[in-house]
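Participant: Once you've had a glance at the structure underneath, I'll fire off some questions.
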Amino acid sequence: MFDALLLPPGGPLLLTLLGLLICRWRPRAARWLIGTGVLFGYLASISLSSAVLERGLDLPALRTPAELSGSGAQAIVVLAGGLKTRQREYGGTTINDLTFGRLRFAARLQRASGLPLLVSGGYRDHDEEPSEAAAMATCLREDFGVEVRWLEDRSRDTHGNATESARILLPLGIRRILLVSHAAHLPRARAAFIRAGFDVVPAPTLAFSSGNGELDLSDWLPNARTAVVNWYLLHELLGQWLYRWRDGA
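Residue numbers (full-length UniProt numbering): 1 to 249.
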């Protein structure tokens, strides 16, 4: 609820609506709110903002499975990104596109390294089965031919991914891990796993920007895909701030 009101499109719409509501009594404040809402909505939907937000997140560099397999890690941990419900072709609930992208890279990484896999994600749609972790294990086994060693299906957020994975792996003497998630999610996830006691080697996948550093007219034009990317990047930036405030870091 909090991020829905703060992040676009909710945040810009809320500012604009407040401006319209008070325009009769506070015209100057109303103009400021409406202008800020429109500007926020515009900036949240252009590619130039994506580049700025990614710099603020300090994303880890992308590396190949061959490069990561020599890291000395003892296991691979893959973080869930959500579920999709009522998918008839898959018999009901299955993983969403975010999770699938992470699993695809994790499968390649497992084949290159031979390391055991832990899948982490306890969300269940309306508390019904399967959990994210169970759906992830099914996808890895049936679609990629990769078996999962451990299922962590109690967590509900990134902090929980870290603490619940620690309950499973640290007693087994597994401390150094390859942590697989989207590049934009890994700075926050890595910090959470380090606080939980792990030695983390980031294994990022699916960075959003091309990183060529060249600007053209299209970078200033709003588009729907960029709005989705910027929402995700803003969500991660807000998550980093909240985690630092909560943990006193």
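Using N, Cα and C, we set each Cβ at its ideal position, and we do this for glycine too.
All of these numbers come straight from a predicted model, not from anything done at the bench.
Here's the rule: buried if 16 or more other CB atoms are within 10 angstroms of the residue's CB, otherwise exposed. What is Thr64?
Facilitator: What you label residue 64 is simply residue 64 of the sequence shown in a count that begins at 1. It counts as exposed.
Participant: Where do the ends of the beta strand (DSSP E) carrying Asp97 lie?
Facilitator: Indexing the sequence shown from 1 puts residue 97 at position 97. Where Asp97 is concerned, there is no enclosing beta strand (DSSP E), although the alpha helix (DSSP H) it sits in stretches over Asp97 to Ser113.
Participant: Thinking C-alpha only, which one of Tyr42, Gly239 and Val180 is nearest Ser120?
Facilitator: Walking along the sequence shown from the start, residue 120 turns up at place 120. Of Tyr42, Gly239 and Val180, the residue nearest in Cα terms is Val180.
Participant: Within a Cβ cutoff of 6 Å, which residues of the same chain sit near Gly37, ignoring the five residues on either side of it in sequence?
Facilitator: Residue 37 sits at position 37 when you count from the first residue of the sequence shown. Cβ neighbours of Gly37 beyond the five flanking positions: Pro12, Leu15 and Thr16.
Participant: Return yes when the C-beta of Arg141 is under 7 Å from any heavy atom of the ligand FAD, and no when it is not.
Facilitator: As far as ligands go, the structure on display features none, and thus does not contain the ligand FAD.
Participant: In chain order, what are the residue ranges of uninterrupted alpha helix (DSSP H) at least 4 long that sit wholly in the segment 37 to 65?
Facilitator: Entirely contained in the segment 37 to 65, the alpha helix (DSSP H) runs reaching 4 residues are, in chain order, 47 to 57.
Participant: Helix, strand or coil for His159? Go by DSSP, reduced to three states.
Facilitator: To locate residue 159, count along the sequence shown from 1; it is residue 159. It is helical.
Participant: Compute the beta-carbon to beta-carbon distance between Arg102 and Gly81, rounded to the nearest angstrom, for a pair I have assumed lies under 8 Å.
Facilitator: If you number the sequence shown from 1, residue 102 lands on position 102. If you number the sequence shown from 1, residue 81 lands on position 81. Confirmed, about 6 Å.
Participant: In terms of DSSP beta bridges, what is Arg176 paired with?
Facilitator: Taking the sequence shown and counting its residues from 1, one reaches residue 176 at position 176. Per DSSP, Asp199.
Participant: Around the Cβ of Asp153, are there at least 16 other Cβ atoms within 10 angstroms (buried) or fewer (exposed)?
Facilitator: As a position in the sequence shown, residue 153 is number 153, starting the count at 1. Asp153 comes out buried.
Participant: Excluding the five sequence neighbours on either side, which residues of its own chain have a C-beta within less than 7 Å of the C-beta of Asn223, listed in chain order?
Facilitator: As a first step, residue 223 is located in the sequence shown; it is residue number 223 there, counting from the start. So the qualifying residues of the chain are Ser45.
Participant: Roughly how many angstroms lie between the CA atoms of Ile22 and Leu238, to the nearest whole one?
Facilitator: The residue labelled residue 22 in the question sits at position 22 within the sequence shown. The residue labelled residue 238 in the question sits at position 238 within the sequence shown. Their Cα atoms are separated by approximately 28 Å.
Participant: Let me confirm a value: Pro8 is counted as buried when at least 16 other C-beta atoms fall within 10 Å, else exposed. Which label applies?
Facilitator: Taking the first residue of the sequence shown as 1, we reach residue 8 at position 8. Burial call: buried.
Participant: For Trp150 versus Leu170, is the C-beta spacing smaller than 8 Å?
Facilitator: The sequence position of residue 150 within the sequence shown is 150, counting from 1. The sequence position of residue 170 within the sequence shown is 170, counting from 1. The answer is no: Cβ separation not under 8 Å.
Participant: Distance check for His182 and Ala207, CA to CA, integer angstroms please.
Facilitator: To locate residue 207, count along the sequence shown from 1; it is residue 207. To locate residue 182, count along the sequence shown from 1; it is residue 182. Cα to Cα, Ala207 sits roughly 7 Å from His182.
Participant: So, are the CB atoms of Arg188 and Gln240 less than 8 Å apart?
Facilitator: By one-based count along the sequence shown, residue 188 stands at place 188. By one-based count along the sequence shown, residue 240 stands at place 240. Cβ distance < 8 Å, so Arg188 and Gln240 count as in contact.
Participant: Would you check if there are 3 or more beta carbon pairs closer than 8 Å linking the segment 152 to 167 to the segment 44 to 60?
Facilitator: Verdict: no, contact absent.
Participant: Is Gly239 helix, strand or coil by DSSP?
Facilitator: Against the sequence shown, residue 239 aligns to sequence position 239. Helix, per DSSP.
Participant: Okay, do the segment 159 to 177 and the segment 185 to 203 touch, 3+ Cβ pairs below 8 Å being the bar?
Facilitator: Output reads yes: the segment 185 to 203 touches the segment 159 to 177.
Participant: Measure how close the beta-carbons of Ile76 and Leu178 come, nearest whole angstrom, since I'm counting them as under 8 Å.
Facilitator: Locating residue 76 in the sequence shown gives position 76, counting from the first residue. Locating residue 178 in the sequence shown gives position 178, counting from the first residue. Going by Cβ atoms, the distance from Ile76 to Leu178 rounds to 5 Å, so yes, they are a contact pair.
Participant: Note down the Cα distance separating Leu234 from Arg86, rounded to an integer number of angstroms.
Facilitator: Looking up residue 234 in the sequence shown gives position 234. Looking up residue 86 in the sequence shown gives position 86. One C-alpha to the other measures close to 29 Å.
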